[in-house]
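Number of protein chains: 2
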Amino acid sequence: MTRPMNFNAGPAALPLAALERARDELLDFAGTGISVMEHSHRGKEYEAVHDEAMALLRELLSIPSDYEVLLLQGGASTQFAYVPMSFLPQGASADYIVTGAWSAKAHAEAVAWSHVAGGTARVAASTEASGFTRVAHPEPVELDSRAAYVHFASNETIHGVQYLTLPRFGAAPQVCDMSSDFLSRKVDVSSFALLYGGAQKNIGPSGVTIVIARRGFIDGGRKDLPAILQYRSHSANKSLLNTPPTFGIYLARNVLLWLKEGGGIEAIEARNRAKAAELYGALDASPGFYTCPVEVGSRSSMNVVFRLPTEALEQAFLGEAKKNAMLGLKGHRSVGGIRASLYNAVEPPWVSALASFVKDFARRNG
Amino acid sequence: MTRPMNFNAGPAALPLAALERARDELLDFAGTGISVMEHSHRGKEYEAVHDEAMALLRELLSIPSDYEVLLLQGGASTQFAYVPMSFLPQGASADYIVTGAWSAKAHAEAVAWSHVAGGTARVAASTEASGFTRVAHPEPVELDSRAAYVHFASNETIHGVQYLTLPRFGAAPQVCDMSSDFLSRKVDVSSFALLYGGAQKNIGPSGVTIVIARRGFIDGGRKDLPAILQYRSHSANKSLLNTPPTFGIYLARNVLLWLKEGGGIEAIEARNRAKAAELYGALDASPGFYTCPVEVGSRSSMNVVFRLPTEALEQAFLGEAKKNAMLGLKGHRSVGGIRASLYNAVEPPWVSALASFVKDFARRNG
Numbered sequence: 100m101t102r103p104m105n106f107n108a109g110p111a112a113l114p115l116a117a118l119e120r121a122r123d124e125l126l127d128f129a130g131t132g133i134s135v136m137e138h139s140h141r142g143k144e145y146e147a148v149h150d151e152a153m154a155l156l157r158e159l160l161s162i163p164s165d166y167e168v169l170l171l172q173g174g175a176s177t178q179f180a181y182v183p184m185s186f187l188p189q190g191a192s193a194d195y196i197v198t199g200a201w202s203a204k205a206h207a208e209a210v211a212w213s214h215v216a217g218g219t220a221r222v223a224a225s226t227e228a229s230g231f232t233r234v235a236h237p238e239p240v241e242l243d244s245r246a247a248y249v250h251f252a253s254n255e256t257i258h259g260v261q262y263l264t265l266p267r268f269g270a271a272p273q274v275c276d277m278s279s280d281f282l283s284r285k286v287d288v289s290s291f292a293l294l295y296g297g298a299q300k301n302i303g304p305s306g307v308t309i310v311i312a313r314r315g316f317i318d319g320g321r322k323d324l325p326a327i328l329q330y331r332s333h334s335a336n337k338s339l340l341n342t343p344p345t346f347g348i349y350l351a352r353n354v355l356l357w358l359k360e361g362g363g364i365e366a367i368e369a370r371n372r373a374k375a376a377e378l379y380g381a382l383d384a385s386p387g388f389y390t391c392p393v394e395v396g397s398r399s400s401m402n403v404v405f406r407l408p409t410e411a412l413e414q415a416f417l418g419e420a421k422k423n424a425m426l427g428l429k430g431h432r433s434v435g436g437i438r439a440s441l442y443n444a445v446e447p448p449w450v451s452a453l454a455s456f457v458k459d460f461a462r463r464n465g
Numbered sequence: 100m101t102r103p104m105n106f107n108a109g110p111a112a113l114p115l116a117a118l119e120r121a122r123d124e125l126l127d128f129a130g131t132g133i134s135v136m137e138h139s140h141r142g143k144e145y146e147a148v149h150d151e152a153m154a155l156l157r158e159l160l161s162i163p164s165d166y167e168v169l170l171l172q173g174g175a176s177t178q179f180a181y182v183p184m185s186f187l188p189q190g191a192s193a194d195y196i197v198t199g200a201w202s203a204k205a206h207a208e209a210v211a212w213s214h215v216a217g218g219t220a221r222v223a224a225s226t227e228a229s230g231f232t233r234v235a236h237p238e239p240v241e242l243d244s245r246a247a248y249v250h251f252a253s254n255e256t257i258h259g260v261q262y263l264t265l266p267r268f269g270a271a272p273q274v275c276d277m278s279s280d281f282l283s284r285k286v287d288v289s290s291f292a293l294l295y296g297g298a299q300k301n302i303g304p305s306g307v308t309i310v311i312a313r314r315g316f317i318d319g320g321r322k323d324l325p326a327i328l329q330y331r332s333h334s335a336n337k338s339l340l341n342t343p344p345t346f347g348i349y350l351a352r353n354v355l356l357w358l359k360e361g362g363g364i365e366a367i368e369a370r371n372r373a374k375a376a377e378l379y380g381a382l383d384a385s386p387g388f389y390t391c392p393v394e395v396g397s398r399s400s401m402n403v404v405f406r407l408p409t410e411a412l413e414q415a416f417l418g419e420a421k422k423n424a425m426l427g428l429k430g431h432r433s434v435g436g437i438r439a440s441l442y443n444a445v446e447p448p449w450v451s452a453l454a455s456f457v458k459d460f461a462r463r464n465g
């Protein structure tokens, strides 16, 4: 069957080449006659994949040598807890910039931990009053100059809000949840103390979490937690402290290879910009019919959210889209409406097809 | 190529049927034209798999209705930390039974947490002085009758030590790391407050962790931790609090179906007993040549560890075994020697071949 056009918000579309390779060698990895899933994580066959995934991340993102690359589990939601556990000591304060559901959750988990361990998790800025329709800019933010770190999310998957230029909030160490735009564009890693992301948007299947952190920042983390909760333990063991999610890392490796072979971050960034421009352009062409709640300067290139005049029309839109093999367009249950996620593996022709459909649907129903 | 005989300790051999199904539908899951990895975890296609995996676990293990089944991430090593975080409050004490490397690690993580939160993690019994060559029996153990819980490991993967009959240590809630013999034999779930295991031995690929816990025990856990660290949050959200490792759970579902279709726990237990009896029998037939350090009454049916007269002979044994397509027989790097892991998916003919090789090698080198 023809491959449907998959606009899921995550888990999301994966590059066909990465999946085909996984299928072709699922029962016989690297000529060993067994699946990559059946290999020991301490064996040379799996370790080659593990090392290659890390090396590709370093190469694609130009990660400086004083940064560690960790391959963990538990998703970004687990990092919401682990970051304050390691880096928000008793008596200290961390600044949170809240621009949508995910950065709000990160803040809530830090507040919970601060009640256990005695620190303070402060909201330094929030765009909630405006309905999370824009990012927060450094200027009007009241930062604490002594903050242990500043936390923000580069892209908000549910609200479709993205920092089009990555900000810097004051002089404190910058910590960023980059789950939903990781590897979609160039990033100056050196401006962050720690950045993290779940794999299931641009990197691979769910169940793998990437953390990139400055070694000195990791070294300054709390030392008396259980070892498995400390970044330093994973760093010292090359993310083989305990059994890693080997198949997920293998598939991420396939995705990273696909990204490199397609021209790397520069090429994918241009492709992503063009996809987003085409879809927003189609929506803007029918201003009375489609509403994009997000301010133009904060419009996400990864998650395009929009509304139609009525919920009945939204249902009709989703139904027709599905008949045209366009999947995953329903908005998050907490906000409703439509959401098209345009991650790396979403092919430009799919976006063109969606843009045409957007225009055609408005013409027929507007 | 012929499938090699895989005796890996974990990640380990998986049932061929489960892998073949994954390969055949890797690009087209349930007629949807996309991979199971590309489906939303909130969509009906994936949710059917998620629910089926939980239902199969309930059916295979006859899990009582007042128990929750959780599908988590992070491996058993993460549970080593999460168990005391939830269930070892300030001022309380928990009893740990240490019979090998893994239960020792569980205890060490609980000690770390107790320094953070003010409880006590006590070693109620340890067989370390005897070199971890037997289990600890309830009788000589000095239990704390007011313990918050008693923790033990049903099988020690590295030392090859297993409780042949599952014990009960006093009246406190029993918590068990069942990673390496989970689903290998009948278990009276109702005698445990909580049991857990990483999937990568008998259940599926690495990256999935199963927790089975009495609802009342979960409800009594600490309530002020970050939500993602609390069992109750996962329980209340059917293990969909955040994005689960969808492909790993899908593959575990395939394995659970294979187990059910093969006759369930009763059939696999008989098969596992026969495999272990055959291999131990072959080793015992050359008592001057092979040494099994573990006491007969504690010999694991999952991990058969043994030594040869010299390390040179062990190297020769491993080399010849590999030439005969027998993989994964090297003992853990911390203890050396030979280890054959005989998990559920290890086929009886592989064990027969290994037993023959064991006899033949002794005849030629003894």
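Just so you know, the sequences run in chain order A and B.
For the first sequence, the working numbering gives the first residue as 100, with consecutive numbering after it.
For the second sequence, the working numbering gives the first residue as 100, with consecutive numbering after it.
Glycine included, each C-beta is placed from N, C-alpha and C at the ideal position.
Between Ile302(B) and chain A, the shortest Cβ-Cβ separation is not below 7 angstroms.
Residue environment analysis places Gln414(B) among the exposed positions, since fewer than 16 neighbouring C-beta atoms fall within 10 angstroms of its C-beta. Residue-level contact by beta carbon fails for Gln414(A) and chain B, as no gap is shorter than 7 angstroms. With its beta carbon at least 7 angstroms from every one in chain A, Trp449(B) lies outside the interface. Closest by C-alpha distance to Ile327(A), out of Ala175(B), Thr131(B), Ser397(B) and Ala116(B), is Ala175(B). Under the Cβ criterion of 7 angstroms, Arg122(A) is counted among the residues facing chain B. Contact with chain B is absent for Thr219(A), since none of that chain's Cβ atoms lies less than 7 angstroms from the residue's Cβ. Comparing alpha carbon positions, the residue from Thr256(A), Ala444(A), Ala224(A) and Glu124(A) closest to Val403(A) is Thr256(A). Here the alpha carbon of Ile162(A) sits roughly 15 angstroms from the alpha carbon of Asp150(A).
Checking the DSSP bridge columns, you'll see Gly142(B) has no partner listed. Cβ neighbours of Gly396(B) within its own chain (closer than 6 angstroms, five residues either side excluded): none. Within chain A, the residues Leu324 and Pro325 have their CB atoms less than 8 angstroms from the CB of Trp212(B), given in chain order. With a minimum length of 3 residues, the unbroken runs of beta strand (DSSP E) contained wholly in the region 344 to 414 of chain B fall at 402 to 405. Around His140(B), the beta-carbon contacts reaching into chain A at under 9 angstroms are Gly109, Pro110, Gln299 and Ser305. The beta carbon of Ile302(B) sits closer than 8 angstroms to those of Phe281, Leu282, Gly296, Ile309, Ala351, Val354 and Leu355, all from its chain and outside the five residues before and after it, given in chain order. Between Gly387(A) and the set Asp287(A), Ser244(A) and Asn464(A), the nearest pair of CA atoms involves Asn464(A). Close to Leu428(B), with beta-carbon spacing below 9 angstroms, lies no residue of chain A; the smallest spacing is near 11 angstroms. In the DSSP annotation of this structure, the continuous segment of the alpha helix (DSSP H) that includes Ser185(B) starts and ends at Gly174 to Phe186. Taking 7 angstroms as the upper bound on Cβ-Cβ separation, chain B lies near residues Gln172, Gly173, Gly174, Ser176, Thr177, Phe179 and Ala180 of the region 153 to 185 of chain A.
At a cut-off of 7 angstroms between beta carbons, Thr256(B) makes no contact with chain A. Cβ neighbours of Arg267(B) within its own chain (closer than 7 angstroms, five residues either side excluded): Pro237, Gln273 and Ser290. Chain-ordered, the chain B residues with CB closer than 8 angstroms to the CB of Ser134(A) read Leu113 and Leu118. DSSP places Glu419(A) in the helix class (H, G or I) of the three-state scheme. In the structure shown, Phe291(B) adopts coil according to DSSP, grouped into three states. Of the other Cβ atoms in all chains shown, 16 or more fall within 10 Å of the Cβ of His138(B); this residue is therefore buried. Around the beta-carbon of Ser433(A), fewer than 16 other beta-carbon atoms lie within 10 Å, marking it exposed. If you compare the alpha carbons of His250(A), Pro239(A) and Gly230(A) with that of Thr219(A), the shortest gap goes to His250(A). For secondary structure counted as the beta strand (DSSP E) over 3 or more consecutive residues, the region 301 to 326 of chain B holds these complete runs in sequence order: 308 to 313.
DSSP places Arg284(A) in the coil class of the three-state scheme, outside both helix and strand.
Cα atoms of Ala116(A) and Val445(A): separation of roughly 13 angstroms, rounded to the nearest angstrom. Residue nearest to Ile437(B) within the set Met425(B), Asn443(B) and Pro448(B) is Met425(B) (criterion: CA-CA distance). DSSP lists Leu426(B) as the bridge partner or partners of Asn105(B). From the beta-carbon of Gly347(A), the residues of chain B found nearer than 8 angstroms are Gly306, Pro344, Phe346 and Gly347. With respect to Leu159(A), Gly363(A) sits close: the two C-beta atoms are nearer than 7 angstroms. A distance below 7 angstroms between beta-carbons, with the five flanking residues on each side excluded, links Ser334(B) to the following residues of its chain, in chain order: Glu167, Leu169 and Ile317. Contact of Pro188(B) with chain A is not assigned, every C-beta pair being separated by 7 angstroms or more.
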